[in-house]
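J.: Here it is: the structure, laid out below.
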Amino acid sequence: MTIEQKSAWGRANERDNVSGEGVTRAHERQAVIDDGSPLALYVELNRADRIIANAWEIQSLHQHALWATANWQDGVTVDDPTRHGARKVALAAAADAAHELVGAARGAIAEAIIGFVQSGRNP
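Okay, structure coming up:
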């Protein structure tokens, strides 16, 4: 990415309220993977989805090809360089299982969390 693209990526992430420590939120995401709740994992996956989409949107066709080639060489994916399809399935599964994300909680807060997850909005 060029400096201008990195700046545009950072602005897009701020616009979508998905920025964190560093452009990719790697530290925050790892902390949630290590110790987070199912709801926190959902929120981080949703943020990662936007961060990746924002990066893809500002890149050129040549950069898309480089991204796809690197992922293919690393054995990450063959036909979906950003794994958008896999993230979409995971986010849809979380929305379908929103009641499980709140566990035994009930009441207005639990219902608000369920509504938030089912809406697909970013935090």
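Counting from 1, position 19 in the sequence shown corresponds to residue 160 in the working numbering; the numbering is continuous, with no gaps.
Every residue, glycine too, gets a C-beta built ideally from N, C-alpha and C.
Bear in mind that the values here come from a model prediction, so they are computed numbers and not experimental data.
Going straight from the alpha carbon of Glu97 to that of Ala239, what length do you get?
T.: With the chain covering only 142 through 264, there is no way to say anything about residue 97.
J.: Cα separation between Gly248 and Thr210?
T.: Stepping through the sequence shown from its first residue, residue 248 is reached at position 107. Stepping through the sequence shown from its first residue, residue 210 is reached at position 69. Rounded to the nearest angstrom, the two C-alpha atoms are 48 Å apart.
J.: If you check the beta carbons only, do Val258 and Ala227 fall under 7 Å apart?
T.: By one-based count along the sequence shown, residue 258 stands at place 117. By one-based count along the sequence shown, residue 227 stands at place 86. No, these two residues do not count as a Cβ contact at 7 Å.
J.: What is the rounded straight-line gap between the Cα of Glu155 and the Cα of Ala194?
T.: In the sequence shown, counting from the first residue as 1, residue 155 sits at position 14. In the sequence shown, counting from the first residue as 1, residue 194 sits at position 53. Computed Cα separation, rounded: 13 Å.
J.: Strictly by DSSP, which residues pair up with Gly161?
T.: To locate residue 161, count along the sequence shown from 1; it is residue 20. Paired residue(s): Gly163.
J.: Output the boundary residues of the alpha helix (DSSP H) element that contains Pro222.
T.: Walking along the sequence shown from the start, residue 222 turns up at place 81. Segment: none, Pro222 is in no alpha helix (DSSP H) and carries neither H nor E.
J.: Taking the C-alpha atoms as reference points, what is the distance between Asn212 and Asp221?
T.: Position 71 of the sequence shown, counted from the first residue, corresponds to residue 212. Position 80 of the sequence shown, counted from the first residue, corresponds to residue 221. If you take the alpha carbons of Asn212 and Asp221, they lie about 9 Å apart.
J.: Mind pulling the alpha helix (DSSP H) runs of 4 or more residues that sit fully within the stretch 165–211?
T.: If we require 4 residues or more, the alpha helix (DSSP H) runs fully inside the stretch 165–211 come out as 167–176 and 179–199.
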